[in-house]
Amino acid sequence: MNSAYEKLLKCYEDVRKKVDFKPELALILGSGLGDYAESIQVETILNYSDIKEFPTSTVEGHKGRFVFGYVGETPIVIMQGRVHYYEGYSMEDVVLPTRLMKLMGAKVLFLTNASGSVNPELQPGDFMMLTDQIASFIPSPLRGENRGELGVRFPDMAEVYNRNLRNIIKQVAEDLDISVKDGIYVQLPGPQFESPAEIRMCRMLGADAVGMSTACEALAANHMNMKVCGISCITNLGAGMSGEPLTSEEVYEISKRTAPLFKKLLTETIVRIGKYYQ
């Protein structure tokens, strides 16, 4: 048996021994949004460290746990802290939580993150709905032996971010009078911020925002036939665009400042997605 697949099954069996809850939607919270998990109707919490062989987040501000509960009537599982490739984990470990949430029962994956703008029309504090992605700079999580139980060997990537879910996000944003722009996200390995030359490269490739997560998770979810959507909070301008050095403090500051509006958008979108797929 493939070692990554075997590890996934072990994690799933361990979770099922500890949690009796079937989510329909999985939500991964990006930097500065962790507190959202405590605002829902919480049913139970499971720390990553309590799951055998599960990768644990080492990033400051990421609590490292699954939160199970309801947003409206929609049963969800929330990753309160994701695992990043730059932390030293294999790409199979980075996407293991995504695959695990699919095995738990989630049909929809809602991705959030903090990202840097490579498009001057996107400014710090803006929200960007992901319409497509570039994952060419990171190892594919599908590399190696393919397990048919997870998905096909060569999955189509023509519509990674589901059109129906994007339409729901747009309608919610319009109803709540929240500005949400469309954009293409590129994932780079990190953990260093990008150089000005790399930002120019990303812009030439057609990207609007850059970060160190998300694309690999969307890829793995698409492989497992999950419906995927994503919203990014633009926290800074890319290197060379503002003349100022980049810091992680700046990222968290903007994330926290925009969190109340972001949470409002998240909640109503999740409620409507739940109704749409009932």
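If you want the numbering used here, it's the 1-based position in the sequence shown plus 757. Backbone N, C-alpha and C fix where the C-beta goes; we use that ideal spot for every residue, glycine too.
Which residues does DSSP list as the beta-bridge partners of residue i?
i	result
residue 944	968
residue 865	782 and 984
residue 938	885
residue 989	870 and 885
residue 994	874
Since residue i is in the alpha helix (DSSP H), which residue starts that stretch and which ends it?
i	result
residue 826	No alpha helix (DSSP H) contains residue 826, which is instead part of the beta strand (DSSP E) from 822-828.
residue 765	760-775
residue 792	Unbroken run through residue 792: none, as it is neither H nor E.
residue 848	848-861
residue 1007	1005-1033
residue 875	Element bounds for residue 875: n/a, residue is neither H nor E.
residue 932	920-932
residue 956	953-962
Just the Cα atoms here: how many angstroms apart are residue i and residue j?
i	j	result
residue 807	residue 999	43 Å
residue 961	residue 782	35 Å
residue 889	residue 916	7 Å
residue 1042	residue 1009	Missing from the structure shown is residue 1042; the chain here goes from 758 to 1035 and no further.
residue 765	residue 973	16 Å
residue 987	residue 927	12 Å
residue 776	residue 1030	24 Å
residue 706	residue 828	Because the chain here runs from 758 to 1035, residue 706 falls outside it and cannot be looked at.
residue 811	residue 937	34 Å
residue 920	residue 887	11 Å
residue 942	residue 976	13 Å
residue 918	residue 906	22 Å
residue 882	residue 1012	8 Å
residue 805	residue 830	25 Å
residue 985	residue 885	15 Å
residue 833	residue 1005	29 Å
residue 835	residue 769	16 Å
residue 840	residue 846	8 Å
residue 932	residue 897	37 Å
residue 880	residue 796	28 Å
residue 930	residue 862	27 Å
residue 1014	residue 935	15 Å
residue 774	residue 767	11 Å
residue 1021	residue 900	37 Å
residue 914	residue 792	32 Å
residue 908	residue 853	14 Å
So that I know if they touch, is there some Cβ in chain B lying closer than 8 Å to that of residue i?
i	result
residue 997	In the structure shown, chain B does not exist; there is a single protein chain.
Within its chain, find whatever has a CB closer than 6 Å to the CB of residue i; leave out the 5 residues flanking it on each side and keep chain order.
i	result
residue 1007	993
residue 758	Confidence at residue 758 is low in this model, with a pLDDT of 49, below 50, so the placement of that residue should be treated as unreliable; the coordinate-derived value is given next. Nothing meets the Cβ criterion.
residue 838	814, 819, 820 and 821
residue 997	953 and 956
residue 762	904
residue 1017	none
residue 892	944, 972 and 976
residue 910	903
residue 1025	929
Apart from the five residues on each side of it in sequence, which residues of its chain come closer than 8 Å, Cβ to Cβ, to residue i?
i	result
residue 895	842, 848, 944, 945, 946, 972 and 973
residue 869	784, 785, 786, 787, 790, 987, 988, 989, 990, 1019 and 1023
residue 951	873, 945, 959, 967, 995 and 996
residue 799	824, 825 and 826
residue 1033	921 and 925
residue 963	891 and 941
residue 780	825, 832, 833, 834, 858, 861, 862 and 863
Our contact map puts residue i next to residue j with C-beta atoms below 8 Å; I'd like the distance itself, whole angstroms only.
i	j	result
residue 876	residue 965	4 Å
residue 859	residue 981	5 Å
residue 794	residue 866	Contact flag wrong, Cβ pair sits at about 16 Å.
residue 948	residue 969	7 Å
residue 864	residue 983	6 Å
residue 803	residue 772	7 Å
Go through its chain and collect everything with a Cβ distance to residue i's Cβ below 7 Å, but skip five positions before and after it.
i	result
residue 902	759
residue 855	866, 974, 977 and 978
residue 801	776, 778 and 825
Determine the extent of the beta strand (DSSP E) in which residue i is found, giving its start and end residues.
i	result
residue 834	831-837
residue 799	798-804
residue 889	884-891
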